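Residue numbers (the working numbering), protein chains in the order written: chain A, 1 to 498; chain B, 499 to 675.
Beta carbons are placed, not taken as given, at the ideal position from N, Cα and C, and that holds for glycine.
Since the structure is predicted, the reported quantities are computational estimates derived from the model, not experimental observations.
Just below is one structure, and these are the notes that go with it.
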């Protein structure tokens, strides 16, 4: 069991992450309502784009970075069975990140940083936005250093032994993040900040986009690796089985690290500043990085099948019914894998070099990445929270049933919201518009889908509220866990499932 | 099973995955190299601040060009700027290879004609070139699909595709129907 320092550090990071998540869901809800055009009083491009920018920054930068830091501290101390190295440094990193978020929040909420989350030069944001975003990245580097030092210390103390899988993956993620965040850091320090401060007059947009693409797409693997850690290390046990193979799990993490880095140009397929040859190379890399994901899906599903059969499931599909669907971790894994499959097909279309022209910058793209990020990644983050909250607070989960309702709600809402997005994308609707102002017959066919998006949005925001409420109630009103009870082997709530 | 062993099934799946990905990449390689199907990647720079003074994007040179290119394609020159593609309306024949050349006078824009592969980003400082063929006559919107400011929703132009036999070549560049 981890010591109080690690628990506090993890809990503090998690609360920022999930607070940002809850808030961002309301911005998302506003966006589907505004964009439908059904409510005249909501119509405002200025508010819409400020909201999109805030939603994107909160979800993609704040939720992820703080969650990954908190989870990393927990994983390192837990799996290596050693105290955290240099807690003051960890708190300093937390402080720098939090200060950065506060600094960026002011211009974002005032509409002075409506540059979405990919920055968009030469549209200029207030300098405090760039400064805040830079500090968030710099603060996260403190975390990378701590993870890598702890990894090295353990290796030194255990010569010839294999590092536990969760820490292996966490160290891979720290390395990946150090390298991949360098692109956006260079853009920020050498281009955006001098320009926003008035030190330079112009900005090389082609270079800025290239540097940002360096960070995009590997940043997605930075978000995804913690979800994969949960899939590999928590799900098989929670289902009542064990991991299919440890070696291929490690291979998958190494492949993600190596292949995930040099593929950012696939975000620039339609850009004029990159040659076809480079785009072609990045296309090959993009397809190659699908391999670790295919391996992960196979290994996790195979582990679930073994567990299901061990629990008495027979026949070709009988094992699926035999799984403990009422265990939040297992349910989350099943739902998250379903969304990974759906989103993965969309991703293959996006990656397809010239075919990308049909869907580039259409509503298809947010449909795709909401399935992968909000679907696969966030669902596993939620399940990790359900598992860790009782451990971190020493209290039982407030309600098992509500946790299941929340996870189902998140899945159903996400499917209802992303399906119309995919269709709208094929019908050519651009992704970044606040209203349909085109006087063209084509756009009439877009209208019915907006309604489904509103329904999905309502379910999602309800589910997000329920999640934050459950965490809060667990911490303040959950039953105390018996001190003698061994938390490590107990299921998340301390009660046996299914 | 020991920690460091690869299961037989998993090994098979690894080969299936590799074959699957190989097939996708193979299909793209064949169409890219064999049929020359690439994304628009025209690396050509231009000074976006002085487009109006340039030879190519001066006002009287915009729109559908009267002279076809050597290979018979029709050339269309457009300037993208907040909030429109200029000229706002163009008319092109169906079934003919159209080469669009576009440049931005201010910020990032994107041009997309829905349900077709006419799509490109327009980045300040670069000329974007994209080639397409519209098989069916009709009125098509050309939408800006990249966030370019608060008026982004209003940025679109009209492309009219007419049957080959009804199309008359414009006499001068910039002169529109």
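For residue i, return the contacting residues in chain A, with the cut-off set at a CB-CB distance below 9 Å.
| i | result |
| --- | --- |
| residue 530 of chain B | 276, 280, 283, 353, 354 |
| residue 618 of chain B | 270, 271, 272, 357, 360 |
| residue 615 of chain B | 354, 355, 357, 358 |
| residue 590 of chain B | None at all; the shortest Cβ gap to chain A is about 17 Å. |
| residue 536 of chain B | 276, 279, 280, 353, 354 |
The beta strand (DSSP E) spanning residue i covers which residue range?
| i | result |
| --- | --- |
| residue 639 of chain B | 636-642 |
| residue 533 of chain B | Residue 533 of chain B -> no beta strand (DSSP E), and no H or E assigned at all. |
| residue 599 of chain B | 595-602 |
| residue 584 of chain B | 582-584 |
| residue 476 of chain A | Counting along the chain, residue 476 of chain A falls outside any beta strand (DSSP E), though it belongs to the alpha helix (DSSP H) covering 447-477. |
| residue 655 of chain B | 654-660 |
| residue 590 of chain B | 587-591 |
| residue 575 of chain B | 572-579 |
| residue 613 of chain B | Looking at the DSSP string, residue 613 of chain B is not in any beta strand (DSSP E), and its letter there is neither H nor E. |
Can you tell me where the alpha helix (DSSP H) with residue i in it begins and where it stops?
| i | result |
| --- | --- |
| residue 404 of chain A | 400-426 |
| residue 554 of chain B | Residue 554 of chain B -> no alpha helix (DSSP H), and no H or E assigned at all. |
| residue 187 of chain A | Where residue 187 of chain A is concerned, there is no enclosing alpha helix (DSSP H), given that its DSSP letter is neither H nor E. |
| residue 44 of chain A | Counting along the chain, residue 44 of chain A falls outside any alpha helix (DSSP H), and DSSP gives it neither H nor E. |
| residue 210 of chain A | 205-215 |
| residue 509 of chain B | 506-527 |
| residue 630 of chain B | No alpha helix (DSSP H) contains residue 630 of chain B, which is instead part of the beta strand (DSSP E) from 625-631. |
| residue 568 of chain B | Where residue 568 of chain B is concerned, there is no enclosing alpha helix (DSSP H), given that its DSSP letter is neither H nor E. |
| residue 32 of chain A | 4-36 |
Counting C-beta neighbours from all protein chains within 10 Å, is the total for residue i 16 or more, i.e. buried, or is it exposed?
| i | result |
| --- | --- |
| residue 431 of chain A | buried |
| residue 666 of chain B | exposed |
| residue 387 of chain A | buried |
| residue 674 of chain B | A caution first: residue 674 of chain B carries a pLDDT of 47, below 50, which makes its placement in the model too unreliable to give a value. |
| residue 2 of chain A | buried |
| residue 28 of chain A | buried |
| residue 18 of chain A | buried |
| residue 553 of chain B | exposed |
| residue 280 of chain A | buried |
| residue 612 of chain B | buried |
| residue 414 of chain A | buried |
| residue 162 of chain A | exposed |
| residue 321 of chain A | exposed |
| residue 640 of chain B | buried |
| residue 489 of chain A | Because residue 489 of chain A carries a pLDDT of 46, less than 50, the predicted location of this residue cannot be relied on, and no value is offered for it. |
| residue 513 of chain B | exposed |
Assuming residue i and residue j form a contact by the criterion Cβ under 8 Å, report the distance between their Cβ atoms to the nearest whole angstrom.
| i | j | result |
| --- | --- | --- |
| residue 186 of chain A | residue 211 of chain A | 5 Å |
| residue 381 of chain A | residue 474 of chain A | Not quite, the Cβ-Cβ distance comes to about 16 Å (not below 8 Å), so this is no contact. |
| residue 285 of chain A | residue 259 of chain A | 6 Å |
| residue 371 of chain A | residue 342 of chain A | 5 Å |
| residue 629 of chain B | residue 590 of chain B | Contact doesn't hold; Cβ gap of about 12 Å is too wide. |
| residue 25 of chain A | residue 461 of chain A | 5 Å |
| residue 567 of chain B | residue 601 of chain B | With 8 Å as the limit, residue 567 of chain B and residue 601 of chain B do not qualify as a contact, their Cβ atoms being about 18 Å apart. |
| residue 515 of chain B | residue 294 of chain A | 4 Å |
| residue 90 of chain A | residue 73 of chain A | 6 Å |
| residue 402 of chain A | residue 470 of chain A | 6 Å |
| residue 542 of chain B | residue 624 of chain B | 6 Å |
Which residues of chain A have a Cβ atom closer than 7 Å to the Cβ of residue i, listed in chain order?
| i | result |
| --- | --- |
| residue 647 of chain B | 123 |
| residue 624 of chain B | 206, 272, 273 |
| residue 526 of chain B | 283, 352, 353 |
| residue 550 of chain B | The contacting residues do not exist; residue 550 of chain B stays about 18 Å from chain A at best. |
| residue 515 of chain B | 291, 294, 295 |
Just to make sure I have the definition right: I need the residues of chain B whose C-beta is within less than 9 Å of the C-beta of residue i. Which are they?
| i | result |
| --- | --- |
| residue 120 of chain A | 605, 606, 644, 645, 646 |
| residue 348 of chain A | 522 |
| residue 8 of chain A | Within chain B, no residue comes near residue 8 of chain A; the closest Cβ sits about 33 Å away, beyond 9 Å. |
| residue 302 of chain A | 505, 507, 508, 511 |
| residue 244 of chain A | 499, 505, 507, 508 |
| residue 49 of chain A | 645, 647, 648, 650 |
| residue 287 of chain A | 519, 520, 522, 523, 526 |
Could you work out which residues of chain B lie near residue i, taking near to mean beta carbons separated by less than 7 Å?
| i | result |
| --- | --- |
| residue 46 of chain A | 648 |
| residue 290 of chain A | 519 |
| residue 299 of chain A | 508 |
| residue 61 of chain A | Near residue 61 of chain A there are no residues of chain B at all, since even the closest Cβ is about 18 Å away, more than 7 Å. |
| residue 116 of chain A | 645 |
| residue 427 of chain A | 612 |
Taking residue i as the query, report the chain A residues whose CB atoms sit under 8 Å from its CB, ordered along the chain.
| i | result |
| --- | --- |
| residue 621 of chain B | 205, 206, 209, 271, 272, 273 |
| residue 651 of chain B | 45, 433, 434, 435, 436, 437 |
Under 8 Å from any heavy atom of the ligand MN, does the C-beta of residue i make it?
| i | result |
| --- | --- |
| residue 23 of chain A | Among the components modelled here there is no ligand, and therefore nothing to report on the ligand MN. |
Exercise. Note down, one range per segment and in chain order, each beta strand (DSSP E) of at least 3 residues found wholly within the stretch 296-356 of chain A.
Key: none
Exercise. Please specify which runs of the alpha helix (DSSP H), each continuous and at least 4 residues long, are wholly inside the stretch 83-170 of chain A, giving them in chain order.
Key: 87-109, 127-157
Quiz item: Hey, which unbroken runs of the beta strand (DSSP E) at 3 residues or more fall wholly within the stretch 231-288 of chain A?
Solution: none
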